[in-house]
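Some notes on the structure that comes next.
2 protein chains.
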Amino acid sequence: MKSYTVIGGGAAGMSAASRIRKRDPDSSINVFEESGYVSYGPCGIPYFIQGLVNEAEDLVTYTPEFFKKNRRIDVSVKSKVLGIDAGAKSIRALTNGKEITLNYDILVLATGSSPFIPEREWLEAGQVFTVRYIEDAITIKKRLADSKNIGIVGGGYIGIEMAEGFSALGKKVTIMEAMPQIMPNMDADTAALVEKAVIDKGVKIEKGLAVKGIYKGKDRPGVIVETDGGRSFFDGVILSMGVKPNTDLARTAGLKLGSTKAIAVDDHMLTSDPSIFAAGDNVEIRSLITGGPVYVPLAPEANKEGYVAGTNATGGNLAFPGTVGSSITKFYDMEIGGVGLTEKAARAAGMNVRSVTIEGENMAGYYPGGSEIKIKLVYLAESKVIVGAQALGRGAWGRISALSVAIQAKFNLNDLFFSGIPYAPPFSPVWDSVIIAARVGKES
Amino acid sequence: MKSYTVIGGGAAGMSAASRIRKRDPDSSINVFEESGYVSYGPCGIPYFIQGLVNEAEDLVTYTPEFFKKNRRIDVSVKSKVLGIDAGAKSIRALTNGKEITLNYDILVLATGSSPFIPEREWLEAGQVFTVRYIEDAITIKKRLADSKNIGIVGGGYIGIEMAEGFSALGKKVTIMEAMPQIMPNMDADTAALVEKAVIDKGVKIEKGLAVKGIYKGKDRPGVIVETDGGRSFFDGVILSMGVKPNTDLARTAGLKLGSTKAIAVDDHMLTSDPSIFAAGDNVEIRSLITGGPVYVPLAPEANKEGYVAGTNATGGNLAFPGTVGSSITKFYDMEIGGVGLTEKAARAAGMNVRSVTIEGENMAGYYPGGSEIKIKLVYLAESKVIVGAQALGRGAWGRISALSVAIQAKFNLNDLFFSGIPYAPPFSPVWDSVIIAARVGKES
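Chains as they are written, first to last, in our numbering: chain A, 225 to 668; chain B, 225 to 668.
Next up, the structure:
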């Protein structure tokens, strides 16, 4: 009977554990998770803050008891793994108040990521929060319930989702972004449209000013945020400045890291140690576009990486081919999606690209309730192969879904022009915006 | 200066004419259209009937005057082309009450399709209508305004769209379908779910009973429909039994027809006559799945075929690669989409296929407003290459868009499993239904 240990009970860890159970019914499987929950969806936290989701626990798909009972997976929450002895194939963990040592045949590292915090003492200002765990959700909701004035440091996906959440509750919200634009993983032209939508909802944006310090309010409870532009006072502050891979345990095991500073794995999710797999926000994967290493800490990738790790941990042979890096969010009614490389990123990588941006409608012009949708395609100048896309407006999710598959398939503009985006008046114009973008690019 | 004549002012004809003008600015372009409108969207008629679109003219994208003024395209409406003399390169047309003869250098045949009507005299029963032209929309709306009891013969896309339209107006609606199921281009299992949704809205379905006759009501105004099951009385009847290509003019020019009885064209949309192109609902095209000939009278195909014909008519070199045959509609809240082959059709074509059907959610489980979505994938048993998909429920449009691209790219289940359907709680669960379907198929 083989013994599997999984460190981390998020998407990747529980996906790996479940896959192991399915493929190796007689094995023992131990999962250690530092927080109080496993199988949780941090992506739902902004909607819990907004009040669209009633209980923070609703964001949890399955409980430890479920895994124990239905899948015979032994889950220990509030349990911290202290170190890995790769030579002895054992881990040391602090669980139920005592330190234990556990041997493994196969280890899966799914330690995830942590919010990036430039200075640890910023958190000591009080009323300063990151958005990562169910516990964060509960704390933020309670501690900022009566607040009126919220500062959000970092205007990426989580930043604008939290901005929607707080502004929908009637709070005054300011997004502070060090870069010259919010949504740093979009191009400036598309990000400008997001900025307009954000400002139109009364959210203030301060761009191009890096935060230098965050302090406890002196004369009144609250937080002072200091930037090059001066000092601002908030009742509460959210830090959403991106995430970094949790690799401390990997280092104790002597595992190789990649150029992105996440754990290096092969396409079977195997680390540099033949008994240790890794999956999720702690690993470096391959871009399906450039072929090079990328760090893409997204939930669908984490789930599939866990699935692949669990398959191969049990003697299977499944390759994780890589990612095109699709993402989507919304700010109120505006869906905001992207896949692949931005024009900026492609040029920075030395690629000779061109782009086309078009504005279309998300329904037939005569059908009631339609609205504008913006599509930007980034493609190689010579071959016209598409390497990236951005979409803004209602219906962006569906367009980015199709474009993600097209980019994965290495479609050029001609292939995309002839693709079968289905048409009916309530869903798209007969010339869908994606097809028009391909046509305009082709003809230019 | 070259002279181009286009017969038919629908999607394909106007797309071809516009493309010709763009590529050959100095040419003369004449378009002849039998109805009173060009550039119209018959797909919108059910929504006009329902009252979602105020004026039938709203379904017209551009008027003849627009084409004349902005694109210097000479459009003659209410003008019937009587014959083509391919040897003399001329057509005879009846326009403005007189017969004219016009020479062409290049002719584009975009004569479209006509509703299939088994017996012409059915129309003489009065209050019996087909759904094709703007004029039909106006007539149906006026003549059936006060009707209470509508019969719809044929339960395909147009049939259920018209059923929604009339039932939303509070009328009693009966769909009569000769086949054992409505939506004959879906598999029986998915069609059964559409039937349930239709019946749940109070629309009656009579299946497996072919219509034998349609007569004028004897004792009261209205229509009697006779099937093997007996006679039913309606205030009005819609015939939506599919369409057939209009090939009469093609025959006068001696053009070859294909095995589907539509006009045969090569991938440049050139007919068997080197001076005649054809595009739209009158042509036979190639399936990207089987490589064989198919008849796919859909608006996006017609538009692109017209674009290709116009490109090549002006000395260009653009191939229409074929179609995966994506389609979408809705019945109230249920989106209903399909692409490629049904399981039934694939087996009938001798293909060794398997299928997987799964039921998922269209949003994260905790996000408010989510609902069920059903995905069926049809794939080759050995290679696992996907040859068809069906989707039912809100969000089907986006899933079918992605699946259409995947089928065009000849994805197998593994490729699809690793595709980048983007995730955020308001749009999909972290394991989207499409990905789950691929996974279940892979594992089976």
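In this text, a Cβ means the ideal position worked out from N, Cα and C, and glycines have one as well.
- Between the alpha carbons of Thr-414(B) and Ser-625(B) lies a distance of about 18 Å.
- In the DSSP annotation of this structure, the continuous segment of the alpha helix (DSSP H) that includes Gly-383(A) starts and ends at 381-392.
- For the pair Pro-517(A) and Ser-483(A), the CB atoms are nearer than the 8 Å cut-off.
- At a cut-off of 8 Å between C-beta atoms, Lys-322(B) does not count as an interface residue with respect to chain A.
- Here the C-alpha atom of Ser-227(A) lies approximately 41 Å from the C-alpha atom of Asn-409(A).
- In this structure, Gly-453(B) and Leu-479(B) do not form a Cβ contact; the two beta carbons are roughly 42 Å apart against a cut-off of 8 Å.
- Taking Val-277(A) as the centre and dropping the five residues before and after it, the same chain places the C-beta of Gly-268, Tyr-271 and Leu-283 closer than 7 Å to its C-beta, in chain order.
- When C-beta atoms of the segment 241-256 of chain B are compared with those of the segment 297-309 of chain B, three or more pairs fall below 8 Å, so the two segments count as touching.
- Proximity of the segment 364-375 of chain B to the segment 260-267 of chain B falls short of the contact definition, fewer than three beta-carbon pairs being nearer than 8 Å.
- At a cut-off of 8 Å between C-beta atoms, Ile-552(A) counts as an interface residue with respect to chain B.
- Where Gln-632(B) is concerned, the enclosing alpha helix (DSSP H) starts and stops at 620-632.
- When C-beta atoms of the segment 654-663 of chain B are compared with those of the segment 595-607 of chain B, three or more pairs fall below 8 Å, so the two segments count as touching.
- In the structure shown, the three-state DSSP call for Val-435(A) is strand.
- Your pair Ile-509(B) and Phe-544(B) checks out as a contact, with CB atoms roughly 7 Å apart and the cut at 8 Å.
- Per the DSSP secondary-structure output, Gly-562(B) pairs in a beta bridge with Ser-551(B) and Gln-614(B).
- Met-225(A) has its alpha-carbon roughly 51 Å from the corresponding atom of Asp-557(B).
- Beta-bridge partners of Ile-244(B) (DSSP): none assigned.
- For the segment 624-643 of chain A, residues whose beta-carbon sits nearer than 9 Å to a beta-carbon of chain B comprise Ile-624, Ser-625, Ala-626, Leu-627, Ser-628, Val-629, Ala-630, Ile-631, Gln-632, Ala-633, Lys-634, Phe-635, Asn-638, Asp-639, Leu-640, Phe-641, Phe-642 and Ser-643.
- Boundaries of the alpha helix (DSSP H) harbouring Gly-534(B): 523-537, taken from the DSSP string.
- Per DSSP, the unbroken beta strand (DSSP E) holding Val-449(B) starts and ends at 447-451.
- In the three-state reduction of the DSSP assignment, Lys-598(A) falls in the strand class.
- The C-beta of Glu-343(B) has fewer than 16 other C-beta atoms within 10 Å across all chains shown, which makes the residue exposed.
- Out of Ala-523(A), Ala-648(A) and Gly-665(A), the CA that lies nearest to the CA of Leu-604(A) is found in Gly-665(A).
- Per DSSP, Gly-584(B) is one residue of the beta strand (DSSP E) stretching across 577-585.
- Contact check between the segment 637-648 of chain A and the segment 642-649 of chain B: fewer than three CB pairs, one atom from each, fall below 8 Å, which does not count as touching.
- Residues of the segment 641-661 of chain A with a C-beta atom less than 7 Å from some C-beta of chain B are Phe-642, Ser-643, Gly-644, Ile-645, Pro-646, Tyr-647, Ala-648, Pro-649, Pro-650, Phe-651, Val-654 and Trp-655, listed in chain order.
- The beta carbon of Val-397(B) sits closer than 6 Å to those of Ile-374, Ala-387, Phe-390, Ser-391 and Val-427, all from its chain and outside the five residues before and after it, given in chain order.
- Contact between the segment 556-573 of chain B and the segment 238-246 of chain B is absent: fewer than 3 CB-CB pairs across the two stretches fall below 8 Å.
- Judged by DSSP secondary structure, Ala-502(A) falls within the beta strand (DSSP E) whose first and last residues are 500-502.
- Linking Lys-322(A) to Leu-331(A) through their CA atoms gives a straight-line distance of about 21 Å.
- With contacts defined as CB atoms closer than 8 Å, Ile-438(B) and Val-352(B) qualify as a contacting pair.
- Within the segment 277-311 of chain A, Val-277, Asp-282, Leu-283 and Thr-285 place their CB atoms closer than 8 Å to a CB of chain B, listed in sequence order.
- For Leu-473(B), the uninterrupted alpha helix (DSSP H) run begins and ends at 472-476, by DSSP.
- Per DSSP, reduced to three states, the secondary structure at Pro-469(B) is strand.
- Under the three-pair Cβ rule at 8 Å, the segment 583-596 of chain A does not count as touching the segment 583-592 of chain B.
- Per the C-alpha coordinates, the member of Ala-317(A), Ala-369(A), Asn-320(A) and Lys-425(A) positioned closest to Ile-384(A) is Lys-425(A).
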